[in-house]
Amino acid sequence: MKTNVGGIDRGLRIAVGAGLIAWAAAFDGPALAYLGVIPLLTGVFGMCGLYSLLGINTCRIKN
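In the numbering used here, the protein residues as written are 5 to 67.
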């Protein structure tokens, strides 16, 4: 699997994912907020399946 998520994109995904999970867990947010695990994991691993399908690459390093 190739990395296709760049630095700023990764940081935003991790922050948004963690924020959604925290909202759902700590503040009785909607259960759908647990879907924050998706952007969190794509940010941590640097690979997004949807980006692969659409041919998008925000990573500066070509691998």
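Glycine is no exception: its CB is placed at the ideal position from the N, C-alpha and C atoms.
- [ ] Taking 7 Å as the cut-off, decide whether the C-beta atoms of R17 and P34 are in contact.
- [x] In this structure, P34 does not lie closer than 7 Å to R17 by Cβ.
- [ ] Could you spell out where the alpha helix (DSSP H) holding L44 opens and where it closes?
- [x] Note, L44: alpha helix (DSSP H), 41-49.
Open item on the list: According to DSSP, simplified to helix, strand and coil, what is C13?
Closed with: According to the sequence shown, residue 13 is Asp rather than Cys. Three-state DSSP puts D13 in a helix.
- [ ] For R64, count neighbouring C-beta atoms within 10 Å of its own C-beta (all shown protein chains included) and say buried if the count is 16 or more, exposed if not.
- [x] Within 10 angstroms of the beta-carbon of R64 lie fewer than 16 other beta-carbons, which makes it exposed.
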